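A.B. asks:
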Amino acid sequence: TTDPNPHAWMSPTAARTYVDNIAAALTDLQPDQAEQFRANADSYKRRLADVDGHIRSGLSQLPKDQRALVTCEGAFSYLARDTHLAEGYIWPVNTEREINSDDIRRAADFVRDHHVPAVFCESTVPAGPKQQLMRETGAADGGTLYVDSLSDAQGPVPTYLDLLEYDAKTIVTGLTSAFTPTTAGQRQ
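Residue numbering for the sequence shown follows UniProt numbering, starting at 1 and increasing by one per position.
1) Considering only residues of the same chain and omitting the five flanking positions on each side of Ala39, which have a CB-CB separation below 8 Å?
2) Judging by CA-CA distance, which residue of Val116, Pro126, Arg56 is the nearest neighbour of Leu164?
3) By alpha-carbon positions, which one of Ser43, Thr124, Ser60 ends up nearest to Ile171?
4) Given a cut-off of 8 Å, decide if Ala68 and residue 208 are closer than it, judged by their beta-carbon atoms.
5) Just to confirm the assignment: which complete alpha helix (DSSP H) runs, minimum length 4, are found wholly within the region 33-94?
6) The alpha helix (DSSP H) with Thr173 in it runs from where to where?
7) Could you tell me the distance, in whole angstroms, from the CA atom of Leu133 to the CA atom of Ala108?
8) Go through its chain and collect everything with a Cβ distance to Val51's Cβ below 8 Å, but skip five positions before and after it.
9) Any contact of the region 80-96 with the region 148-160, i.e. 3+ C-beta pairs under 8 Å?
10) Provide the residue span of the alpha helix (DSSP H) that contains residue 190, from first to last.
11) For the pair the region 13-22 and the region 39-48, tell me if three or more CB-CB distances fall below 8 Å.
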């Protein structure tokens, strides 16, 4: 798609830039609180760095020729970039059109070409296209990812940091537990 991908918040690296910008804007509004804003920003950025480290450490378990992430929506470009994953998806970000057989075929080709062991879908979209992609390729269900929404307080992602940690764990677990050198991403 030619539209810009607005999902930079899915990257802990990019999120640290958000935190700096928010702290700077708050400091402009309340300069007498600058020290507190900076301390809070530094603490939050450390937590983001921890999540980033977990993602990178977990994904390092994957063989280099299988470092690929396939989702329903192309919302993980920044995370894929930061973690050196090839990115595939069924549809681009924020599409208003119907999903068609060409979308599934392109995604299936990507899964097979990159030996992707598991595919993922976002919590806010129907799972049907993912299930069709799984049938076409033999890839496993990697799980559900959160992108554009949080859960309630008792759910798995009540905060943004919880969302990042949950998605990181889901991606790492999905890709590493589904990995088998002889069957990953191959039609069954």
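Don't be surprised by glycine CBs; every beta carbon is placed ideally from N, CA and C.
Owing to the predicted nature of the structure, the values given are computational and were not obtained by experimental measurement.
C.D. replies: On the basis of the supplied data:
1) none
2) Arg56
3) Ser60
4) Nothing can be reported for residue 208: it is not among the residues displayed for the chain, which extend from 1 to 188.
5) 34-59, 77-82
6) 160-177
7) Their backbone Cα atoms lie some 6 Å apart in a straight line.
8) Pro12, Leu161, Leu164, Glu165, Ala168
9) no
10) Past the boundaries of the shown model lies residue 190; the chain is included only from 1 to 188, so the question cannot be answered.
11) yes
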